[in-house]
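A.B. asks:
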């Protein structure tokens with residue numbers, strides 16, 4: 001099986017590669033269109049800022065390429081957000097694979113810190129991405145923007161309000177948390193994605 | 001619910017864990033990778049690796065060590081010690097560190113906070129502050145591993161650093177460090193209530209109730225400790241079960 005991790009100007013790509021190695025899966029990190037198109041599974045990671053990342057992807061036509069993929073695709077964190085319709089982070093139009101919107105956490109309670117950083121529960125788990133993952137499991141999150149709830153929500157998390165912890169439409173999956181840093185639960189989710 | 005985090009800290013010198021450890025099940029208790037993996041399997045929420053190697057030359061082995069840790073450890077980890085330049089940060093992140101911790105270099109040159117935050121994101125920039133309460137009742141910033149006093153108040157430096165872009169603060173009370181008499185609750189709570197970033201409390205954790213206190217009265221988002229974990233005075237599962245039963249949001 002050929003697993004490709006899309007390389008672009010967003011962090012934590014190595015961590016995803018190492019996490020796959022820990023579960024016995026080798027992957028290649030590339031931005032080459034032919035390698036991405038012919039992969040069996042594609043992972044689209046990312047930590048960073050939405051407009052800078054989208055601009056980088058557009059300049060290389062990677063946004064169109066990702067949107068047209070037919071094999072299972074997993075967006076992680078910013079990767080998932082860029083697959084949504086729009087992010088309020090610097091008012092950025094995104095790929096529009098998922099209808100959900102990406103917004104900044106805001107709370108009238110100044111004691112609630114943004115970004116959310118740490119371990120939080122994931123609820124209402126749907127699809128085979130979460131096979132063997134118990135309801136309310138903990139996953140590791142680091143993010144200031146969140147995807148709203150919608151038709152494509154396949155997991156939720158509560159921080160200030162409920163939001164989409166994971167999304168799915170057709171062959172496209174996205175998780176807001178970092179499975180590559182979420183201990184054995186994260187490894188199970190990565191294994192599930194690889195065997196979709 | 002977002003949980004409070006328990007963070008073991010491993011001091012590294014020339015690639016080995018120092019401060020002594022006492023783990024029979026480890027093949028090599030001085031190997032930070034093995035010890036980190038053990039803590040991760042026991043439920044540690046994050047790890048901090050602090051390089052206290054004195055020479056720049058020996059420090060080069062740090063990136064190789066970080067790479068090995070990143071291959072092995074399935075939870076987030078921070079690396080600190082002697083980080084001064086964008087290149088230092090870039091090498092550590094490329095080798096798989098999730099966050100980097102800065103201390104003296106940031107105080108002497110606060111511009112690096114902005115440049116690190118801009119280039120790598122605030123989420124990976126942890127500011128470590130060593131602080132001491134003086135006879136005037138005020139908490140001051142100390143540099144160079146606590147050897148050098150400054151006239152700057154900890155509250156002022158922390159606020160400035162957050163404004164410049166640090167994503168988290170690791171606060172070590174020198175009055176409490178090593179005492180095992182509990183964390184510095186007042187300064188921890190002051191920072192946590194006035195700043196928008198998470199506060200990691202460090203120094204003084206000796207038993208379960210100290211962690212309970214720092215998460216309640218101290219308002220800490222995370223608590224860091226070293227020797228009580230290394231010497232098996234307090235096992236992470238025991239601590240986390242205790243906190244859970246006392247109603248603290250904790251990942252079991």
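Residue numbers (this note's numbering), protein chains in the order written: chain X, 1 to 196; chain C, 1 to 252.
By construction, the Cβ of each residue, glycine as well, lies at the ideal position given by its N, Cα and C atoms.
1. Using a 10 Å radius around the Cβ and a threshold of 16 neighbouring Cβ atoms, would you call residue 251(C) buried or exposed?
2. Under the three-state reduction of DSSP, which class applies to residue 39(C): helix, strand or coil?
3. Here's the rule I'm using: 16 or more other beta-carbon atoms within 10 Å means buried, otherwise exposed. How should residue 32(X) be labelled?
4. Can you name the residues of chain C whose CB is closer than 7 Å to the CB of residue 40(X)?
5. Tell me which residues share the same chain as residue 237(C) and place their Cβ nearer than 7 Å to its Cβ, disregarding the 5 neighbours each side in the sequence.
6. Three-state secondary structure (DSSP) at residue 13(C)?
7. Are there 16 or more other CB atoms within 10 angstroms of the CB of residue 108(C), so buried, or fewer, so exposed?
8. Pull the bridge partners of residue 78(C) from the DSSP assignment, please.
9. Using 10 angstroms around the beta-carbon of residue 193(C), count the other beta-carbons present and answer buried if the total reaches 16, otherwise exposed.
10. At what residues does the alpha helix (DSSP H) containing residue 123(C) begin and finish?
11. Residue ranges of each beta strand (DSSP E) run of no fewer than 3 residues wholly in the segment 101 to 139 of chain X, ordered along the chain?
12. Is residue 217(C) close to chain X? Criterion is C-beta to C-beta, closer than 8 Å.
13. Given that residue 15(X) touches chain C, what residues does it touch there, using C-beta distances under 8 Å?
14. Please say whether residue 202(C) and residue 224(C) have beta carbons closer to each other than 8 Å?
15. Can you name, in chain order, every residue of its own chain whose Cβ lies under 6 Å from the Cβ of residue 150(X), other than the five neighbours on each side?
16. I need the straight-line Cα distance from residue 81(C) to residue 170(X), nearest angstrom please.
17. Can residue 189(C) and residue 113(C) be called in contact, C-beta distance under 8 Å?
18. Exposed or buried, which one is residue 147(C) when buried takes at least 16 other CB atoms within 10 Å?
19. Could you list the residues in the segment 148 to 173 of chain C with a C-beta less than 9 Å from some C-beta on chain X, going in chain order?
20. Using 8 Å as the limit for Cβ to Cβ distance, is residue 193(C) near chain X?
21. Are the CB atoms of residue 176(X) and residue 130(X) nearer to each other than 8 Å?
22. Can you tell me the Cα-Cα spacing of residue 158(C) and residue 140(C), whole angstroms?
23. Grab the span of the alpha helix (DSSP H) containing residue 242(C) for me, first residue to last.
24. With a cut-off of 8 Å, do at least 3 Cβ pairs link the segment 107 to 119 of chain X to the segment 36 to 56 of chain X?
25. Return the chain-ordered list of same chain residues with a C-beta closer than 7 Å to the C-beta of residue 148(X), the five sequence neighbours on each side being excluded.
26. Whole-angstrom Cβ separation of residue 128(C) and residue 111(C), contact assumed at under 8 Å?
27. Near residue 112(X), what residues of its chain come up, given a Cβ to Cβ distance below 7 Å and the 5 sequence neighbours on each side ignored?
28. Buried or exposed for residue 5(C), please, with buried defined as at least 16 other CB atoms from any protein chain shown within 10 angstroms of its CB.
29. Please report the Cβ distance between residue 143(X) and residue 115(X), rounded to the nearest whole angstrom; I am assuming they are in contact, meaning their Cβ atoms lie under 8 Å.
30. Measuring only between beta-carbons, confirm whether residue 142(X) sits less than 8 Å from chain C.
31. Please name the residue, chosen from 94(X), 185(X), 30(X), that lies closest to residue 78(X) on a Cα-to-Cα basis.
32. Going along the chain, which residues of its own chain have a beta-carbon closer than 8 Å to the beta-carbon of residue 2(C), five neighbours each way excluded?
33. What does residue 5(C) reach in chain X if we use C-beta pairs closer than 8 Å?
34. With a cut-off of 8 Å, does the C-beta of residue 42(C) fall near any C-beta of chain X?
35. For residue 159(C), which of helix, strand or coil comes out of DSSP?
36. Bridge partners of residue 174(X), per DSSP?
C.D. replies: Taking the coordinates as given:
1. In the second chain, residue 251(C) corresponds to position 251, counting from 1. The residue is buried, with at least 16 neighbouring Cβ atoms inside 10 Å.
2. In the second chain, the residue the question calls residue 39(C) occupies position 39. Residue 39(C) falls in the helix class under three-state DSSP.
3. Here residue 32(X) refers to the residue found at position 32 of the first chain. Answer is exposed; the Cβ neighbour count stays below 16.
4. Translated into the one-based positions of the first chain, residue 40(X) becomes position 40. The premise fails here: residue 40(X) is roughly 23 Å from chain C at the closest Cβ pair, so nothing lies under 7 Å.
5. Working through the second chain from its first residue, we reach residue 237(C) at position 237. Cβ neighbours of residue 237(C) beyond the five flanking positions: 42, 43.
6. To locate residue 13(C), count along the second chain from 1; it is residue 13. Three-state result, residue 13(C): strand.
7. What you label residue 108(C) is simply residue 108 of the second chain in a count that begins at 1. Residue 108(C) is exposed by the Cβ-count criterion.
8. For the purposes of this step, residue 78(C) is taken as the residue at position 78 of the second chain. Its beta-bridge partners are 48(C), 99(C).
9. If you number the second chain from 1, residue 193(C) lands on position 193. That one is exposed.
10. For this step, residue 123(C) is matched to residue 123 along the second chain. From DSSP, residue 123(C) is part of no alpha helix (DSSP H); its letter is neither H nor E.
11. 101 to 104, 116 to 121
12. Residue 217(C) sits at position 217 when you count from the first residue of the second chain. Output row for residue 217(C): interface = no.
13. As a position in the first chain, residue 15(X) is number 15, starting the count at 1. Result: 70, 96, 98.
14. Indexing the second chain from 1 puts residue 224(C) at position 224. Indexing the second chain from 1 puts residue 202(C) at position 202. The answer is yes: Cβ separation under 8 Å.
15. What you label residue 150(X) is simply residue 150 of the first chain in a count that begins at 1. Closer than 6 Å at the Cβ level, and outside the excluded window around residue 150(X), lie 99, 100.
16. Residue mapping note: residue 81(C) aligns to position 81 of the second chain, counting from 1. Residue mapping note: residue 170(X) aligns to position 170 of the first chain, counting from 1. Going from the Cα of residue 81(C) to the Cα of residue 170(X) covers about 46 Å.
17. As a first step, residue 189(C) is located in the second chain; it is residue number 189 there, counting from the start. As a first step, residue 113(C) is located in the second chain; it is residue number 113 there, counting from the start. For residue 189(C) and residue 113(C), no; Cβs fall outside 8 Å.
18. Along the second chain, read from residue 1 onward, the residue named residue 147(C) stands at position 147. Exposed is the call here.
19. 167, 168
20. Within the second chain, residue 193(C) is the residue found at index 193, counting from 1. Yes, residue 193(C) counts as interfacial toward chain X.
21. Stepping through the first chain from its first residue, residue 176(X) is reached at position 176. Stepping through the first chain from its first residue, residue 130(X) is reached at position 130. No.
22. Walking along the second chain from the start, residue 158(C) turns up at place 158. Walking along the second chain from the start, residue 140(C) turns up at place 140. Rounded to the nearest angstrom, the two C-alpha atoms are 11 Å apart.
23. Along the second chain, read from residue 1 onward, the residue named residue 242(C) stands at position 242. 236 to 245 is the span of the alpha helix (DSSP H), which, as asked, contains residue 242(C).
24. no
25. One-based indexing of the first chain puts residue 148(X) at position 148. Taken in chain order, the residues that qualify are 100, 101, 103, 163, 164.
26. Mapped onto the second chain, residue 128(C) falls at position 128. Mapped onto the second chain, residue 111(C) falls at position 111. About 18 Å; that fails the 8 Å criterion.
27. In the first chain, the residue the question calls residue 112(X) occupies position 112. The residues are 160.
28. Here residue 5(C) refers to the residue found at position 5 of the second chain. Buried is the call here.
29. On the first chain, position 143 is the one that residue 143(X) refers to. On the first chain, position 115 is the one that residue 115(X) refers to. Confirmed, Cβ separation roughly 5 Å.
30. One-based indexing of the first chain puts residue 142(X) at position 142. Yes - at least one Cβ of chain C is within 8 Å of the one on residue 142(X).
31. Position 78 of the first chain holds residue 78(X). Looking at the Cα atoms, 94(X) is the closest of the given residues.
32. Reading the second chain from its first residue, position 2 is the one you call residue 2(C). Excluding residues within five positions, the ones whose Cβ falls inside 8 Å are 249.
33. Reading the second chain from its first residue, position 5 is the one you call residue 5(C). Neighbours of residue 5(C) on chain X, chain order: 118, 119.
34. Numbered from 1 along the second chain, position 42 holds the residue referred to as residue 42(C). It does not; no Cβ of chain X falls within 8 Å.
35. If you number the second chain from 1, residue 159(C) lands on position 159. DSSP places residue 159(C) in helix when its eight states are reduced to three.
36. Taking the first chain and counting its residues from 1, one reaches residue 174(X) at position 174. BP columns for residue 174(X) point to 75(X), 167(X).
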